[in-house]
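Q: If you scroll down you'll find the structure; I have some questions about it.
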Amino acid sequence: MQKPIATTRSASGIPTGRLAIWWLLASEIVIFGGLLACYLLFRLGHPEWADAAAVTNTAIGATNTFVLLTSSFTAVLAHQAAERGDGKKAARFLVFTIIGACLFLGIKSYEWWYEISHGYTITSNGFWSFYYTAAGLHAAHVIAGAIAMGFVAKDAAQGKELQRVELVGIYWHFVDVVWIFLFPLLYIAK
Amino acid sequence: MTEHIDQTAPHDAGEHHDDGHHDVNYAKIYVALLVLLVISILGPELGITWVTLITAFGIALVKATMVINNFMHLKWEKNFIKWALVVSLLFVALFFFGVAPDVMKHDGLRWVNDAAIASVERGIEPPHGEEGEHAAEDGEGEDHAEEGDDTTVEGEGEGATETVAAAFSAPDAYSATCATCHGPNGGGDGPGAAALDPQPASFATTEFWDEVTRESMVNVIQNGGAAEGLSAAMPAWGALYSDDEIQQIVDYVETFQP
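Chains as they are written, first to last, in this note's numbering: chain A, 1 to 190; chain B, 1001 to 1258.
This is the structure we're talking about:
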């Protein structure tokens, strides 16, 4: 089967796909970093935001942190299985990870529904604008990751393109890392 | 199948994974992450500021490092990958520290961010009406209740605009928007006054009251100092306060009259 050149060639000593993922993440650092830096600036300059931050539900945030950490764990187990050449097992672990992503989004939807129905919307004030923008951008990444993992798992189950299991995993761990910082910023620091 | 992997993933066979297939005990890392998560939730419950900072943000850093090193395998990656990520982070830091003085500080040598000071003074009000009260009960507690007492005097639960209107108080508005330059007691001696030339008006002098009329004061508050040929450093507040509110502010300023 003919492979695209980018898949087979590696000028940097790192497989091109993995290099691409790291570059993607370097740009993601600026996107999320810029947003979180703005949040920090305003949060530190506006002590009154603590009142709004106190409204967010720590239990829900903690549950979602647990879900994402677990999904990261299954993603790395998928990578381990792929390294050992076991595509079926890798696909199974990726499916677990996708279930984690769906669980996360389900919990998030409930949380947002509850907050919006109680009058806390994106236009309420600066804190809630950041809250919905940051968590929304993150949730968009969760959705994208879940879809990508679906494609990778489909191929992996047939033993194809197993290197992609690691690539999608690296992306997924990054999404997890972003949440690791969002959790204390939006839920814990009151 | 194996051939296929060798072809598309040369790294799996080879040189970058000298230490075999990353002999990380993933389960152990996972359990450690969960333990850290529990600590980061319980720590802030103590309510001690430095414990909160360490348990919330210190542990977030530790958790992130563990995921990046052990799950993303960054520690086995080539150095230029690490540099690419660090450079991205440095740009974020540059952005943060470049913007910090403008956003985090609300006044400086020759400037005052009235809107920011006013919003700190105003605080964040919970949503109005039934739902807001309900949510307040759910969680955030007494702070709001106290604020509610002095801001919502009448018109409670009649929708946002009425409640905001009822929440207006001339002394509060004065201390949020005027006192920075005109001083808390109208002496023209607020913290922002030092940098201003001409100096802001002092309401505690008879000269001031000889020169102004009620109309000219309303005009200056509404449209700024320049509207009456006075200092352009006096901003226009017409967009922030209604005509009626400006009348109340003038009433309040009159109480400083000697």
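All residues carry an ideal CB built from backbone N, CA and C; glycine is no exception. Computed from a predicted structure; not experimentally measured.
Can you tell me which residues form a DSSP beta bridge with V165/A?
A: Taking the first sequence and counting its residues from 1, one reaches residue 165/A at position 165. For V165/A, which the question treats as bridged, DSSP gives no partner whatsoever.
Q: Throw me the rounded Cβ distance for the H199/A and V1067/B pair, which I believe falls under 8 angstroms.
A: This structure gives no information on residue 199/A, because the portion of chain A shown stretches from 1 to 190.
Q: Who are the near neighbours of E1254/B in its chain, counting only those whose CB is closer than 6 angstroms to its CB and skipping five residues on each side?
A: Position 254 of the second sequence, counted from the first residue, corresponds to residue 1254/B. Correct list: empty, nothing qualifies.
Q: Any beta-carbon of chain B closer than 8 angstroms to the one on T16/A?
A: Position 16 of the first sequence, counting from 1, holds the residue named residue 16/A. No, T16/A does not count as interfacial toward chain B.
Q: Would you say A1239/B faces chain A, with C-beta separation under 8 angstroms as the test?
A: By one-based count along the second sequence, residue 1239/B stands at place 239. Closer than 8 angstroms: no.
Q: Is the segment 53-71 of chain A in contact with the segment 171-186 of chain A, if contact means three or more CB pairs nearer than 8 angstroms?
A: The answer is yes - the segment 171-186 of chain A touches the segment 53-71 of chain A, with three or more Cβ pairs under 8 angstroms.
Q: Determine the chain B residues that contact A189/A at a beta-carbon separation under 9 angstroms, and present them in chain order.
A: Residue 189/A sits at position 189 when you count from the first residue of the first sequence. Within 9 angstroms Cβ-Cβ: P1044, T1052, L1053, A1056 and F1057.
Q: Closer than 8 angstroms, Cβ to any Cβ of chain A: which residues of the segment 1193-1223 of chain B, in chain order?
A: Those residues of the segment 1193-1223 of chain B that come within reach of chain A (Cβ to Cβ, closer than 8 angstroms) do not exist; the list is empty.
Q: Is the beta carbon of S1040/B less than 8 angstroms from the beta carbon of P184/A?
A: By 1-based counting over the second sequence, the position of residue 1040/B is 40. By 1-based counting over the first sequence, the position of residue 184/A is 184. Closer than 8 angstroms, so yes.
Q: Just to confirm the assignment: which complete alpha helix (DSSP H) runs, minimum length 4, are found wholly within the segment 1084-1136 of chain B?
A: Runs of the alpha helix (DSSP H) inside the segment 1084-1136 of chain B: 1114-1122.
Q: Assuming T1177/B and A1118/B are in contact, meaning their beta carbons sit under 8 angstroms apart, how far apart are those beta carbons, in whole angstroms?
A: Counting from 1 along the second sequence, the entry for residue 1177/B is found at position 177. Counting from 1 along the second sequence, the entry for residue 1118/B is found at position 118. Contact holds; Cβ gap of about 6 angstroms.
Q: Does the beta-carbon distance from V139/A to K89/A come in below 8 angstroms?
A: The count along the first sequence starts at 1 and reaches residue 139/A at position 139. The count along the first sequence starts at 1 and reaches residue 89/A at position 89. Here the sequence assigns Ala to residue 139/A, which means Val is not the residue at that position. Going by C-beta atoms, A139/A is not nearer than 8 angstroms to K89/A.
Q: Under the rule that 16 or more other beta-carbon atoms within 10 Å means buried, what is V1086/B, buried or exposed?
A: Stepping through the second sequence from its first residue, residue 1086/B is reached at position 86. Classification for V1086/B: exposed.
Q: Is it true that the segment 1087-1102 of chain B meets the segment 21-41 of chain A, where meeting means three or more beta-carbon pairs spaced less than 8 angstroms apart?
A: Yes: the two stretches touch, three or more of their Cβ pairs being nearer than 8 angstroms.
Q: Just the Cα atoms here: how many angstroms apart are E1158/B and F96/A?
A: By 1-based counting over the second sequence, the position of residue 1158/B is 158. By 1-based counting over the first sequence, the position of residue 96/A is 96. Confidence in E1158/B is poor, its pLDDT being 38 and thus under 50, which makes the residue's placement unreliable; the coordinate value appears in the next sentence. When rounded, the distance between both Cα atoms is 49 angstroms.
Q: So, using beta-carbon positions, are I188/A and P1044/B closer together than 8 angstroms?
A: Indexing the first sequence from 1 puts residue 188/A at position 188. Indexing the second sequence from 1 puts residue 1044/B at position 44. Taking 8 angstroms as the Cβ cut-off, I188/A and P1044/B qualify as a contacting pair.
Q: If you follow the alpha helix (DSSP H) that M1072/B is in, where does it begin and where does it stop?
A: Indexing the second sequence from 1 puts residue 1072/B at position 72. Element bounds for M1072/B: n/a, residue is neither H nor E.
Q: Going along the chain, which residues of its own chain have a beta-carbon closer than 7 angstroms to the beta-carbon of A1116/B, five neighbours each way excluded?
A: For the purposes of this step, residue 1116/B is identified with residue 116 of the second sequence, where counting begins at 1. Within the same chain, A1116/B has close Cβ partners H1106.
Q: Can you say whether V1112/B is buried or exposed, counting buried as having 16 or more other CB atoms within 10 angstroms of its CB?
A: Along the second sequence, one-based indexing puts residue 1112/B at 112. That one is buried.
Q: Suppose you measure from the CA of N125/A to the CA of F73/A; what does that come to, to the nearest Å?
A: By 1-based counting over the first sequence, the position of residue 125/A is 125. By 1-based counting over the first sequence, the position of residue 73/A is 73. Going from the Cα of N125/A to the Cα of F73/A covers about 36 angstroms.
Q: Identify which residue in G145/A, W49/A and L19/A has its Cα closest to the Cα of N1079/B.
A: Looking up residue 1079/B in the second sequence gives position 79. Nearest C-alpha to N1079/B: L19/A.
Q: Between M1217/B and the rest of its own chain, which residues show a CB-CB distance below 8 angstroms, the 5 nearest in sequence each way excluded?
A: Translated into positions along the second sequence, residue 1217/B becomes position 217. Contacts found: V1250 and V1253.
Q: Give me, in chain order, the residues of the same chain whose beta-carbon lies closer than 6 angstroms to that of G17/A; leave out the 5 immediate sequence neighbours on both sides.
A: The residue labelled residue 17/A in the question sits at position 17 within the first sequence. Correct list, in chain order: L167.
Q: For the pair the segment 53-63 of chain A and the segment 158-165 of chain A, tell me if three or more CB-CB distances fall below 8 angstroms.
A: Judged by Cβ distances under 8 angstroms, the segment 53-63 of chain A makes no contact with the segment 158-165 of chain A, as fewer than three pairs qualify.
Q: Would you tell me roughly how many angstroms separate the C-alpha atoms of W1083/B and I31/A, rounded to the nearest one?
A: The count along the second sequence starts at 1 and reaches residue 1083/B at position 83. The count along the first sequence starts at 1 and reaches residue 31/A at position 31. Whole-angstrom Cα-Cα distance: 17 angstroms.
Q: So A1056/B and R1110/B are supposed to be a Cβ contact under 8 angstroms. How far apart are they, rounded?
A: As a first step, residue 1056/B is located in the second sequence; it is residue number 56 there, counting from the start. As a first step, residue 1110/B is located in the second sequence; it is residue number 110 there, counting from the start. Not confirmed; about 37 angstroms, so no contact.
Q: Taking all protein chains shown into account, decide if I143/A is buried (16 or more other Cβ within 10 angstroms of its Cβ) or exposed.
A: For the purposes of this step, residue 143/A is identified with residue 143 of the first sequence, where counting begins at 1. By the neighbour-count rule (16 or more Cβ atoms within 10 Å), I143/A is not buried but exposed.
Q: Chain B beta carbons: is any one of them nearer than 8 angstroms to that of S71/A?
A: Residue 71/A sits at position 71 when you count from the first residue of the first sequence. Not closer than 8 angstroms to any Cβ of chain B, the Cβ of S71/A fails to qualify, so no.
Q: What residue does the alpha helix (DSSP H) around K1028/B start on, and which one ends it?
A: Position 28 of the second sequence, counted from the start, is the residue given in the question as residue 1028/B. Element bounds for K1028/B: Y1026 to L1042.
Q: Which bits of chain B does L105/A rub up against, with CB to CB less than 8 angstroms?
A: Counting from 1 along the first sequence, the entry for residue 105/A is found at position 105. Going along chain B, no residue has its Cβ under 8 angstroms from L105/A, so there is no contact; the nearest lies around 20 angstroms.
Q: Going by beta carbon distance, what residues of the same chain come within less than 8 angstroms of T1180/B, once the five residues before and after it are set aside?
A: Within the second sequence, numbered from 1, the residue matching residue 1180/B stands at position 180. The answer, listed in chain order, is D1107, V1112, D1114, I1117, G1190, P1191 and G1192.
Q: What residue does the alpha helix (DSSP H) around H141/A start on, and which one ends it?
A: Walking along the first sequence from the start, residue 141/A turns up at place 141. First-last of the alpha helix (DSSP H) with H141/A: G126 to A157.
Q: With DSSP collapsed to three states, give me the class of M1066/B.
A: Locating residue 1066/B in the second sequence gives position 66, where the first residue counts as 1. Helix, per DSSP.
Q: Using C-beta distances below 7 angstroms, list every residue in its chain close to L103/A, excluding the 5 sequence neighbours before and after it, in chain order.
A: Looking up residue 103/A in the first sequence gives position 103. V67.
Q: Starting from D1189/B, follow the alpha helix (DSSP H) in both directions and report where the run begins and ends.
A: Within the second sequence, residue 1189/B is the residue found at index 189, counting from 1. From DSSP, D1189/B is part of no alpha helix (DSSP H); its letter is neither H nor E.
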